[in-house]
Amino acid sequence: MGKIDIFTKSDKETKKLGEALAKEIMKPSSTKATEDKLKTATVLSLEGDLGAGKTTFVQGFGKFLGIKERIQSPTFVILKIYKINKKANFKNFIHVDAYRLKSKDFKVFGWENFIKNKNNIILVEWGNKIKNILPKNSLRIIFKHGKNFSERKIIFKN
Ligand SMILES: Nc1ncnc2c1ncn2[C@@H]1O[C@H](COP(=O)(O)OP(=O)(O)OP(=O)(O)O)[C@@H](O)[C@H]1O
Ligand SMILES: [Mg+2]
Numbered sequence: 002m003g004k005i006d007i008f009t010k011s012d013k014e015t016k017k018l019g020e021a022l023a024k025e026i027m028k029p030s031s032t033k034a035t036e037d038k039l040k041t042a043t044v045l046s047l048e049g050d051l052g053a054g055k056t057t058f059v060q061g062f063g064k065f066l067g068i069k070e071r072i073q074s075p076t077f078v079i080l081k082i083y084k085i086n087k088k089a090n091f092k093n094f095i096h097v098d099a100y101r102l103k104s105k106d107f108k109v110f111g112w113e114n115f116i117k118n119k120n121n122i123i124l125v126e127w128g129n130k131i132k133n134i135l136p137k138n139s140l141r142i143i144f145k146h147g148k149n150f151s152e153r154k155i156i157f158k159n
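Number 117 in this note's numbering belongs to position 116 of the sequence shown; there are no gaps in the numbering.
Dropping the structure here:
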């Protein structure tokens with residue numbers, strides 16, 4: 002894929018983008034899912050400015066997966082696990098917020114097993130802070146504030 006820049010003009014548009022990516026990754030033919038199915042969880046590293054829309058994007062992503070609970074930043078709990086009930090490439094949707102954390106914080110509870118489980122789709126806010134414990138092939142999504150109040154630039158990199 003290389004690098005793709007997308008601009009959104011509202012939180013609604015950023016949510017829609019999250020939904021659209023989830024739809025793509027959940028397609029049975031998705032190369033990413035097929036490749037990763039062989040060995041590890043699929044990990045998306047969400048990076049960039051404070052308040053730039055990472056959680057908003059995750060909410061859209063979760064919406065496509067049929068997650069009914071309200072998705073908020075799991076700031077005080079390291080991660081949240083949601084069961085995916087609909088038929089999909091993955092069984093568990095895991096939302097991590099690494100803002101206050103370091104890689105060593107992940108050593109204590111078996112993070113390795115989360116990463117190894119090919120049934121997991123894992124979205125990590127502030128993934129850049131813990132990149133040494135994420136799979137090398139993780140898709141990076143970088144969020145930046147735009148010129149106007151509700152404009153954002155969202156960069157997909159792999
Ligand atoms: N185009 C846009 N995309 C996403 N959010 C937007 C946009 N325009 C305005 N917003 C607002 O910006 C805020 C984004 O907050 P959000 O919690 O999603 O950011 P975040 O990157 O997760 O922040 P943090 O770094 O604190 O985790 C929300 O209040 C949202 O309504
Ligand atoms: Mg957030």
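Beta carbons: idealized from backbone N, C-alpha and C, even for Gly.
Residue 60 is classed as buried because its beta carbon has at least 16 other beta carbons within 10 Å across all chains shown.
Taking each of 40, 87, 16 and 5 in turn and checking the Cα distance to residue 28, the smallest one comes out for 87. Minimum Cα-Cα distance from residue 114 among the listed residues 144, 127, 22 and 135 corresponds to 135. Counting along the chain, the unbroken beta strand (DSSP E) around residue 126 starts and ends at 121-126. Listed in chain order, the alpha helix (DSSP H) elements of length 4 or more contained wholly in the segment 21-88 are 32-38 and 55-65. Taking every protein chain shown into account, the CB of residue 40 has fewer than 16 other CB atoms within 10 angstroms, so this residue is exposed. Taken through DSSP and simplified to helix, strand or coil, residue 8 comes out as strand. In the three-state DSSP reduction, residue 140 falls in the strand class (E or B).
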